[in-house]
Amino acid sequence: MLLKQLTEAMGPSGFEDEVRNLLREQLSDKVDHMYTDVLGNLFAEKHSDKTGPRVMLDAHMDEVGMMIVHAEDNGLLRFRPLGGIDPRVLVSKPVRIGSEKRYGVIGSKPIHLQTMEERKKPLRMDQLYIDIGAQSKDEALAHIQLGDVAVFATEYAEIGERAAKAKSFDDRVGCSIVAEAMERQWQIPVTGVFTVQEEIGLRGATAAAYRINPDIAIAVEGTVCFDVVDAPSHGQSTVLGKGPALTVQDGQTLADARFLEFLIATAEKHNIPWQLRRVKGGSNDFGAIHKVREGIVGGAISVPVRYIHAPAQIISLDDYQASLQLVCAAITEIQEGRWNA
Amino acid sequence: MSVATVENHLETLKSMLQGHGGPGFEQDIAGIAESAFRTYTPDVQRDTLGNVIATVSGEGAGVRPRVMLSAHMDEIALVVTKVDKGGFLRVWQSGGFDARTLVGQEVIVHGHEQLHGIVGSKPPHLTTPEERSQAAPLTDLFIDVAMPEDRVRKLVDVGSRVTLYRQTMDLLNDRISGKALDNRTSVAVILECLKALKSYHHSADVLAVATVQEEVGVRGAQTAAYGLRPDIAIAIDVTFADMPGQAPDESYKIGKGPAVCFGPNIHPKVFKGLQATATQLRIPYQLELSQGPTGTDARAFQITQSGIASGLVGIAIRYMHTSVETGSYNDIVDCGRLLAGYVASINQASVEELSCY
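Protein chains in written order, with this note's numbering: chain A, 38 to 378; chain B, 151 to 507.
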């Protein structure tokens, strides 16, 4: 299953190789042309000989992770985050490190040895270590190189009711949806773009959109969802199971009202549930794409992800399917000439 | 071609670590412990509280010394206190958790079905710097089982138990990491002891016990010791391995052999016997010092009935009471060998000396 493979692959920002290889393998015989650029973005082109508006489907390959930056004399490893991680979610979690995917654990002082005061304060990133079992600095460095990256060791599984848990649904859901959309046949030129380095500032998408210069761009993203007990409605952003989320305004983008209306009308016409993303914070690749060259029209379609940027995240499989349907319905409407900017 | 199989209890340990059994619901672990004990003796019983008791008889007629080796098999657990709005579960603890280690953790909810759950965490996109400077208390945490509220209410009750979910991992230097190393590594110590004991002639009867409900106050140990009334009771329990920020006398080393405890909870002659055995067998050991009743089954043993000579050994693990407890199987084997040598050294005369001060 592609989504399982993608979420279990290692790909922090700047180190997306495993994700890129999976996508290349998945799509190589299903698109017309695939290539990479100097940043490592992966492009999958289809129907470039056809006429009509050129559509760019975007999903970022990278995930939040960690980089090993120092080995202590006792063999414990120091690390720094790649992308936004709240250190509070790292405590008592396993990680996988480097190309060998060696296991390491982030432990903490036993509760028996803590004062009441200590228990009230979160552990800071600089109080955490990764333990690979090494007994000395030399032994650690025989197995790990400084600069090796690490990701959460979470496995994909379907849980609860029509739900799945894994690491890195942000944005492997987008990669999986764009890959599925690219496997279909279209009447207009469509390019699937799998970008690098979104989590550290929408870097890959900036260069990729410049290269493609599409007429329309759609970013497919995993987005913030906090529809949990005691969270006020205005703080939830999205609700799990209520369909793809459409952006009105986020940290980088004021949605193009015409394209937002087009996406809503498309969802309504095709009986696809949809919701608005109801927080201002956060962003996605479209935040970079719409400012490229003289400006590019389009928007974002997002799958709600609970506990995003944490080791174990949850999505609704219904949301996944509905988001895929909306992406495909939008391309259908575009190729039938119903998008007139 | 047949290959001689080396009996090793590592796989038994891993199945115990990945199994689930908190205080008061140790049945699944008890089942694994019982089958493992049965490879050494047909005499395996359970008492009223659920302790698993295996008797390996010593040699010789007449009165034989009775040595109890005891390891608690329960793990720290949570209990559902409320099915909250939206089907999110509120919990309290059976055993001591650091709530900070639960955030973002995967768990198993033992309802009418086993449900996979995740302890929720607010994404950094929505948290203020003020929020990030706080550690949420356990009462503010919730478990998400990713299903609608009405279905959660059918499957989960107030009182349903919750345990950590963690696949056991292999680290360098034969270290293993996962949940419940406290204290199923010590059940493995007893198994390694019984294995080593087969190469000795021993007059003592060995009472190998996997106890219940240690994490809520050494309760199983109390009834097991009362029922068995051994001459010597040795608790096997984990101790603290070193990590930055810990006191030097609470920082034992992984891979440097078992910790042997000394202090008022420990009978001095039992301690000396263990020390002498380690020296004789050239088993590396670490001296663990305690200044009062220990937080182990030995706390109960010492004052059971008219008093029992108690000892305490165990391996050092890092990150105790988290889901990434880390220890070494080599230490488990060494600890088992130490106990086997000690048991073999016990005779009726040494038992009689225990009351002579």
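All C-beta atoms, glycine included, are put in the ideal place defined by N, C-alpha and C. Computed from a prediction, not measured in an experiment: that's the story for all the values here.
Inset, instruction - Would you please verify whether the beta carbon of A/K157 is less than 9 Å from any beta carbon of chain B? - result: To locate residue 157 of chain A, count along the first sequence from 1; it is residue 120. So yes, A/K157 belongs to the interface.
Inset, instruction - Check each candidate in A/L297, A/E258, A/K202 and name the one with the smallest Cα separation from B/L265. - result: In the second sequence, residue 265 of chain B corresponds to position 115, counting from 1. The option with the nearest alpha carbon to B/L265 is A/K202.
Inset, instruction - Give the secondary structure of B/V339 by DSSP, where H, G and I count as helix, E and B as strand, and everything else as coil. - result: One-based indexing of the second sequence puts residue 339 of chain B at position 189. Helix at B/V339.
Inset, instruction - Starting from the N-terminal side, write out each stretch of the beta strand (DSSP E) that is 3 residues or longer and does not extend beyond the segment 267–352 of chain A. - result: Counting only runs that start and end inside the segment 267–352 of chain A, the beta strand (DSSP E) elements of at least 3 residues fall at 282–284, 312–314, 334–343.
Inset, instruction - Step through the CB atoms of chain A and report whether any lies within less than 9 Å of the CB of B/I268. - result: Locating residue 268 of chain B in the second sequence gives position 118, where the first residue counts as 1. Yes, its Cβ sits closer than 9 Å to a Cβ of chain A.
Inset, instruction - Please list the residues of the segment 281–293 of chain B that have a C-beta atom closer than 9 Å to any C-beta atom in chain A, keeping them in chain order. - result: Within the segment 281–293 of chain B, the residues whose Cβ lies closer than 9 Å to any Cβ of chain A are, in chain order, R282, S283, Q284, A285, A286, P287, D290, F292.
Inset, instruction - Report yes if the C-beta distance between B/F292 and B/V269 is below 9 Å; otherwise report no. - result: Residue mapping note: residue 292 of chain B aligns to position 142 of the second sequence, counting from 1. Residue mapping note: residue 269 of chain B aligns to position 119 of the second sequence, counting from 1. Yes, they are a contact pair.
Inset, instruction - Drop a sphere of 10 angstroms on the beta-carbon of A/N78, count the other beta-carbons inside from all chains shown, and report buried for 16 or more, exposed for fewer. - result: Locating residue 78 of chain A in the first sequence gives position 41, counting from the first residue. Buried is the label assigned to A/N78, since at least 16 other Cβ atoms lie within 10 Å of its Cβ.
Legend entry - chain A contact for B/P418 (CB, 9 Å cutoff): Position 268 of the second sequence holds residue 418 of chain B. Any Cβ of chain A closer than 9 Å to the Cβ of B/P418 would place that residue at the interface, and such an atom is absent.
Legend entry - Residues within the segment 123–136 of chain A neighbouring chain B, beta-carbon criterion of under 9 Å: Cβ contacts with chain B: D123, P124, R125, V126, L127, V128, S129, K130, P131.
Inset, instruction - Tell me where the alpha helix (DSSP H) around A/K87 begins and ends. - result: The residue labelled residue 87 of chain A in the question sits at position 50 within the first sequence. Bounds of any alpha helix (DSSP H) do not take in A/K87, whose DSSP letter is neither H nor E.
Inset, instruction - Using beta-carbon positions only, say whether A/I253 and A/I371 come within less than 9 Å of one another. - result: Indexing the first sequence from 1 puts residue 253 of chain A at position 216. Indexing the first sequence from 1 puts residue 371 of chain A at position 334. Against a cut-off of 9 Å, the Cβ pair of A/I371 and A/I253 comes out as a contact.
Legend entry - Identified DSSP bridge partners for B/L357: For the purposes of this step, residue 357 of chain B is taken as the residue at position 207 of the second sequence. Answer is B/T205, B/M218, bridged to B/L357.
Legend entry - With 16 other Cβ atoms within 10 Å as the buried cut-off, status of A/E373: Against the first sequence, residue 373 of chain A aligns to sequence position 336. Exposed, because fewer than 16 other Cβ atoms sit within 10 Å of the Cβ of A/E373.
Legend entry - Minimum Cβ-Cβ distance from A/G144 to chain B less than 9 Å: On the first sequence, position 107 is the one that residue 144 of chain A refers to. Taking Cβ atoms only, chain B reaches closer than 9 Å to A/G144, which makes this a yes.
Inset, instruction - Give a yes or no on whether the C-beta atoms belonging to B/G477 and B/V366 are separated by under 9 Å. - result: In the second sequence, the residue the question calls residue 477 of chain B occupies position 327. In the second sequence, the residue the question calls residue 366 of chain B occupies position 216. Here B/G477 is not near B/V366, since their CB atoms are 9 Å or more apart.
Inset, instruction - Please list the partners that A/Q151 has in chain B, where partner means a Cβ-to-Cβ separation under 9 Å. - result: Position 114 of the first sequence, counted from the first residue, corresponds to residue 151 of chain A. Correct list: D248.
Inset, instruction - Kindly list, in the order they appear in chain B, the residues whose Cβ is closer than 8 Å to that of A/V265. - result: Here the question's residue 265 of chain A lines up with position 228 in the first sequence. By Cβ distance, chain B contributes G236, F238, G270, F292, D294.
Inset, instruction - With distances taken Cα to Cα, identify the nearest neighbour of B/Q455 among B/P398, B/A371, B/Y350, B/G413. - result: Position 305 of the second sequence, counting from 1, holds the residue named residue 455 of chain B. Measuring from the Cα of B/Q455, the nearest candidate turns out to be B/A371.
Inset, instruction - For the beta strand (DSSP E) containing A/Q372, list its first residue and its last residue. - result: Numbered from its first residue, the first sequence carries residue 372 of chain A at position 335. That residue, A/Q372, is in no beta strand (DSSP E); its alpha helix (DSSP H) goes 354–372.
Legend entry - Collapsed DSSP secondary structure at B/Q264 in the structure displayed: Position 114 of the second sequence, counted from the start, is the residue given in the question as residue 264 of chain B. Here B/Q264 sits in strand by DSSP.
Inset, instruction - Spell out whether any CB of chain A is found under 9 Å from the CB atom of B/G395. - result: To locate residue 395 of chain B, count along the second sequence from 1; it is residue 245. Yes - at least one Cβ of chain A is within 9 Å of the one on B/G395.
Inset, instruction - Helix, strand or coil for B/V306, going by three-state DSSP, please let me know. - result: Position 156 of the second sequence holds residue 306 of chain B. In the structure shown, B/V306 sits in coil (DSSP, three-state: anything other than H, G, I, E or B).
Inset, instruction - May I have the straight-line CA-CA distance separating A/P159 from B/R316, to the nearest angstrom? - result: One-based indexing of the first sequence puts residue 159 of chain A at position 122. One-based indexing of the second sequence puts residue 316 of chain B at position 166. Rounded to the nearest angstrom, the gap between the Cα atoms of A/P159 and B/R316 is 22 Å.
Inset, instruction - Within its chain, find whatever has a CB closer than 7 Å to the CB of B/N323; leave out the 5 residues flanking it on each side and keep chain order. - result: Position 173 of the second sequence holds residue 323 of chain B. So the list reads G405, S478, once near-sequence residues are dropped.
Legend entry - B/Q455: first and last residue of the uninterrupted beta strand (DSSP E) it sits in: The count along the second sequence starts at 1 and reaches residue 455 of chain B at position 305. Membership of B/Q455 in any beta strand (DSSP E) is not indicated, and neither H nor E is assigned to it by DSSP.
Inset, instruction - Check whether the Cβ of A/K41 lies closer than 9 Å to any Cβ atom in chain B. - result: Translated into the one-based positions of the first sequence, residue 41 of chain A becomes position 4. No - not a single Cβ of chain B is within 9 Å of the one on A/K41.
Inset, instruction - Report yes or no: is there a C-beta of chain B within less than 9 Å of the C-beta of A/Y357? - result: If you number the first sequence from 1, residue 357 of chain A lands on position 320. Judged by the 9 Å Cβ criterion, A/Y357 is not in contact with chain B.
Legend entry - Rounded straight-line distance, which links the Cα of B/L341 to that of B/T313: Counting from one through the second sequence, the residue named residue 313 of chain B turns up at place 163. Counting from one through the second sequence, the residue named residue 341 of chain B turns up at place 191. Their Cα atoms are separated by approximately 25 Å.
Legend entry - Buried versus exposed call for B/N333 [16 or more other C-beta atoms within 10 Å across all chains shown]: Here residue 333 of chain B corresponds to residue number 183 of the second sequence, with the count starting at 1. The Cβ neighbour count for B/N333, taken over all protein chains shown within 10 Å, is at least 16; the residue is labelled buried.
Legend entry - Contact set between A/E343 and chain B, taken where Cβ atoms lie within less than 7 Å: As a working mapping, residue 343 of chain A is identified with position 306 in the first sequence. At residue 343 of chain A the sequence reads Arg, which differs from the Glu that was named. Chain B residues near A/R343: D294.
Inset, instruction - Find out if the Cβ-Cβ distance for the pair B/T373, B/N201 is shorter than 9 Å. - result: Position 223 of the second sequence holds residue 373 of chain B. Position 51 of the second sequence holds residue 201 of chain B. Result yes, Cβ atoms of B/T373 and B/N201 sit closer than 9 Å.
Inset, instruction - Give me whichever residues DSSP pairs with A/E195 in a beta bridge. - result: Numbered from its first residue, the first sequence carries residue 195 of chain A at position 158. DSSP lists A/A201 as partners of A/E195.
Inset, instruction - Mark A/M38 as exposed unless 16 or more other C-beta atoms lie within 10 angstroms of its C-beta, in which case mark it buried. - result: Along the first sequence, read from residue 1 onward, the residue named residue 38 of chain A stands at position 1. Exposed.
Inset, instruction - Give a yes or no on whether the minimum CB-CB distance between B/H471 and chain C is below 9 Å. - result: No chain C appears in this structure, whose protein chains are A and B.
Legend entry - Where A/Q67 sits in the DSSP three-state scheme: Mapped onto the first sequence, residue 67 of chain A falls at position 30. According to the sequence displayed, residue 67 of chain A carries Lys and not Gln. Coil at A/K67, not helix or strand.
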